[in-house]
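Visitor: Taking the numbering used here, I'd label the letters of the sequence shown as residues 33 to 118. No residue lacks a Cβ here, since even glycine has one placed at the ideal position from N, Cα and C. First, the structure itself, so that you have it in front of you.
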Amino acid sequence: MVKRVTLVDFTDTLFVAEKMGYSWNQAHDILVRDEICPMYECNKREYHVSDFNEKSNPYGYSEDTLKIMNAFCKEHNLKEFTMVND
């Protein structure tokens with residue numbers, strides 16, 4: 033059985049952040065600081081919407097990161113996805 037994977041590019045999150053009022057560079061800095069984007073030798077990262085739970089915040093993300101990523105998941109109706117950074 034082949035698993036269906038939703039691929040998104042890191043910059044897709046920045047477009048959503050701009051709609052929320054963040055500048056491109058500001059959103060980039062926020063998400064990179066919390067290591068959301070795939071970096072260095074790892075060119076992809078898998079996420080589930082529960083990773084961005086505002087109450088439990090299992091990974092200790094900043095409030096801004098949680099807002100951006102939850103808006104991104106909601107806008108694209110995502111429960112889980114794989115982020116790539118080309």
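Whose C-alpha, out of Glu67, Asp44, Asp66, is nearest the C-alpha of Trp56?
Guide: The option with the nearest alpha carbon to Trp56 is Asp44.
Visitor: With the cut-off set at 8 Å, would you say Asp61 and Thr97 are in Cβ contact?
Guide: Not a contact, by the Cβ cut-off of 8 Å.
Visitor: List the whole-angstrom C-beta distance separating Glu107 from Val48, where the pair is believed to meet the contact cut-off of C-beta under 8 Å.
Guide: Sure, about 6 Å apart at Cβ, within 8 Å.
Visitor: Are there 16 or more other CB atoms within 10 angstroms of the CB of Tyr54, so buried, or fewer, so exposed?
Guide: Its Cβ being crowded by 16 or more others within 10 Å, Tyr54 is buried.
Visitor: Quickly, what does DSSP pair Phe77 with across the bridge? List them, please.
Guide: Per the sequence presented here, residue 77 reads as Arg, with Phe not at that position. Its beta-bridge partners are Met115.
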